[in-house]
Amino acid sequence: MLLNSPMTQVKESSAAPFASLFHHHKDFCMFGYSTRSFSEHSHRFKIVGQSSGDKWKLNDINANAVQERLNLWLLKTQNFLNEVTSPLVKPGQSRKPDPGDAFDAQDMGDIFVAEQTIHSRTPNGILSLAAVVSIEQFSRMNGLTGQKMQKIFKALVPESLHNDARYLVEYCCFRFLSRDSSDIHPSLKEPAFQRLIFITMLAWENPYHEELANTSEKASFQGKLVRVSAFVRIAPAISGVSDRSTVHNLFKALAGDEEGISLNVWLTYISELLKVHEGRRSYQIREFPQFCEERILCIASSSKRPVLKWENNMAWPGKLTLTDRAIYFEAIGLRGEKDAIRVDLTRHGLRVEKAKVGPLGSLLFDSAVSISPSSESKPWVLEFVDLGGDMRRDVWLAFISEVIALHKFIHEYGPEDGDESLFHVYGAHKGKERATTSAINSIARLQALQFIRKLFDDPSKLVQFSYLEYAPYGHVVCQTLAVNYWGGPLVTKSVVAGNQPIQGAWHSNEVFESSNHVFDIDGSVYLQKWMRSSTWASSASTTFWKNSSIRQGVVLSKNLVVADLTLVERAAETCKKKYHMVEKTQATIDAAMLKGIPSNIDLFKELMLPLAITVKNFEKLRRWEEPHLTLSFLVFAYTIIFRSLLSYIFPMALMIMAAGMLTLKGLKEQGRLGRSFGKVTIRDQPPSNTIQKIIAVKDAMRDVENSLQNLNVTLLKIRTILLSDNH
């Protein structure tokens, strides 16, 4: 129960402005949010306060009136308890409203606040409604009041941060989240918690009021948008919602063309994400004994979305199953299903890439994936037909690539199997499972985005290990992830690794200088003997870990730090900046490619390529390079001319063109032509110096001159024919 506080009798008032919500009387005030339609009252927040000068007069008390008011108070208390058990943001259709207490569809974003214990006025400004709601609700979920949480917060952070409401929101939220270490936070199933997280992101972004003049505005979060900074800070803190490496790309996918994420989009995403995890639990694995030690991630088997395995120019439909260690294909033949065949995705040297398939080796359909177990064995070629779009192949490519990248990460950054030092660090033996869970959650998020049609241009940027494999600075992010997964406090007083002992579980500057082990922000140690990857010796890695011990905020866990960043967040932020620089540079190069005469000539040639191919084929017919084709063409032309079929040429051409367009449209809708079909490709220009550029311009001008001469000759011939004397 997210709301657990008493309710007091509220006085009916129609003149109190919205700003009165944040006005503090001498005595304690409580306020509630009515569920009545906004059109019935000019405001919904009602303040009750009694000054010290007011006194009761016994002669003015009417017993019948007291009884009626008591009954009314009990009725409202019962209604309040019903509201407490309902979501913070009312769905509007979850229960039947009373005729006099109906609310419209816009109430979905309305909120209910039971009690405020913190002062809204702060030295930095007046707290926003979202900040008040977030602080109070999370404080009660932590078993305290907002005022007590504020006192604890001030005792932990430096004095310069005492009055920073953003960090207070962080502390209240992160303290509750730090109490659970599940793969998927159990509170995500509660609609009230989903809405509270959305409110918290709004509170983090705008902890103070921006416009105090607009006092008549309805207190609703329905039209609000969460921006990227708030989403990046809060969303990865919730287990299973996002990871810190790809959270920026997840925000872009959810926001789409908007400036932020709306409440509806957020709730839809969380709902689909939970459905994906529930669906995985419902997979029946009793028919497949080989799956007993593997976790099924996704299954592809549908008549509308078939999977075809191409072999010897033949396509066989079947059922595809992806687990955390392998991929299985079970072909469907004339006699039913055959035995499943398996490709181990944990082996070294495995490659997966896009491929084209088609009948008789035509390579017509760009909707397949090629999986090469080794250079000796024959690759798997799987085609993913999708009647609803052209992204299914790319999504499955990201799925398979993520599993392969996961095991590469474990092999490169994790301790060796059977290493006894795993038991010298508390929790290190679960590091492999933590990494696997992270990849599984990444795939689940990509599935949820696929279901709600909020995919990124490149789905591989939404799964963690595949993205980091090729991202700049990605190796440092992988190192921080390894420290996060396998690092922990020492369970022995001394561990010798390379004749360098370290004492205790918590590091100090002296210990760090005397050993080559690395430490997480909470003091967890990652042993030197586990650093088998060559990336640990890079200059970027050395610089990062040299400054990793600096911290300023409140460390609640290795994944949650108030007023500061975790090591993974620091590395991911640097990775994002470097990746943005690479994209910006590439965009500049792409824009510069179309500048200059040579590039424009290449573009013109690319656009004229279909016509050039047609002219080339006719030239082959004229020169009798392939006599059988030339002879067939002459017979066809003779039939058309002497059978008086010339009048049918134009209609037939239109019909053939329409049939071709419909065929291309159908193949495009099935996703079998690929997303690059129809795009103009400009070949890169070779590097050249000034003299070469001058020569290229001279050649281009000569080509233009020749073209103009030919055009002038043609125009003169036409003019001569038109003006010629026929006598």
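Here the sequence shown is numbered in this note's numbering, starting from 17 and rising by one per residue. Note that the Cβ used here is the ideal one computed from N, Cα and C, for glycine as well.
- Sequence-distant partners of residue 493 (beyond 5 residues in either direction) whose C-beta falls short of 6 Å from its own C-beta, in its chain, are 261, 484, 587, 588 and 591.
- Rounded to the nearest angstrom, the gap between the Cα atoms of residue 376 and residue 329 is 6 Å.
- Taking C-beta atoms as the reference points, residue 333 and residue 348 count as a pair closer than 9 Å.
- Less than 9 Å divides the Cβ of residue 371 from the Cβ of residue 386.
- In the structure shown, residue 632 falls within a helical segment according to DSSP collapsed to helix, strand and coil.
- In the structure shown, residue 385 adopts extended strand secondary structure according to DSSP, grouped into three states.
- Judged by their CB atoms, residue 165 and residue 187 are nearer to each other than the 9 Å cut-off.
- Residue 470 and residue 298 have their C-alpha atoms spaced approximately 25 Å apart.
- Between the C-alpha atoms of residue 561 and residue 497 there is a straight-line separation of about 13 Å.
- For residue 258, same chain residues with a beta-carbon under 6 Å away, outside a window of 5 residues either side, are 251, 252 and 266 in chain order.
- At a Cβ-Cβ threshold of 9 Å, residue 135 and residue 200 do not count as neighbours.
- Unbroken beta strand (DSSP E) runs of no fewer than 3 residues, entirely contained in the region 293-350, are found at 312-316, 323-327, 330-339 and 342-349, following chain order.
- Taking all protein chains in view, the Cβ of residue 285 is crowded by 16 or more other Cβ atoms within 10 Å, so the residue is classified as buried.
- A straight-line Cα-Cα distance of about 12 Å links residue 169 and residue 572.
- DSSP, reduced to helix, strand and coil, places residue 237 outside both helices and strands of the structure shown, so it counts as coil.
- Burial is judged here by how many other beta carbons sit within 10 angstroms of a residue's own beta carbon; residue 737 has fewer than 16 and is exposed.
- With respect to the 9 Å criterion, residue 488 and residue 407 are not classified as neighbours on the basis of their beta carbons.
- Straight through space, the alpha carbons of residue 185 and residue 224 are spaced by roughly 12 Å.
- Per DSSP, residue 401 lies in no beta strand (DSSP E) and is assigned neither H nor E.
- Taking all protein chains shown into account, residue 197 has fewer than 16 neighbouring C-beta atoms within 10 Å of its C-beta and is therefore exposed.
- For residue 208 and residue 283, the gap between their C-alpha atoms comes out near 11 Å.
- Rounded to the nearest angstrom, the gap between the Cα atoms of residue 539 and residue 160 is 28 Å.
- Taking residue 388 as the centre and dropping the five residues before and after it, the same chain places the C-beta of 367 and 395 closer than 6 Å to its C-beta, in chain order.
- Bounds of the alpha helix (DSSP H) holding residue 152 are 145-157.
- Here residue 426 is not near residue 446, since their CB atoms are 9 Å or more apart.
- In the DSSP assignment, residue 360 falls within the unbroken beta strand (DSSP E) covering 357-360.
- In the structure shown, residue 142 falls within a strand segment according to DSSP collapsed to helix, strand and coil.
- Straight through space, the alpha carbons of residue 205 and residue 147 are spaced by roughly 23 Å.
- For residue 371, the enclosing beta strand (DSSP E) begins and ends at 367-373.
- Taking every protein chain shown into account, the CB of residue 280 has fewer than 16 other CB atoms within 10 angstroms, so this residue is exposed.
- Residue 396 carries a strand assignment under DSSP once its states are collapsed to helix, strand and coil.
- Residue nearest to residue 683 within the set 374, 133, 532 and 627 is 374 (criterion: CA-CA distance).
- The beta-bridge partner set that DSSP reports for residue 573 consists of 576.
- Annotation: the continuous alpha helix (DSSP H) that includes residue 491 extends over 490-502.
- Under the criterion of beta carbons closer than 8 Å, residue 536 and residue 563 do not qualify as touching, at roughly 14 Å.
- Following the DSSP letters along the chain, one finds residue 485 inside the alpha helix (DSSP H) bounded by residues 480-486.
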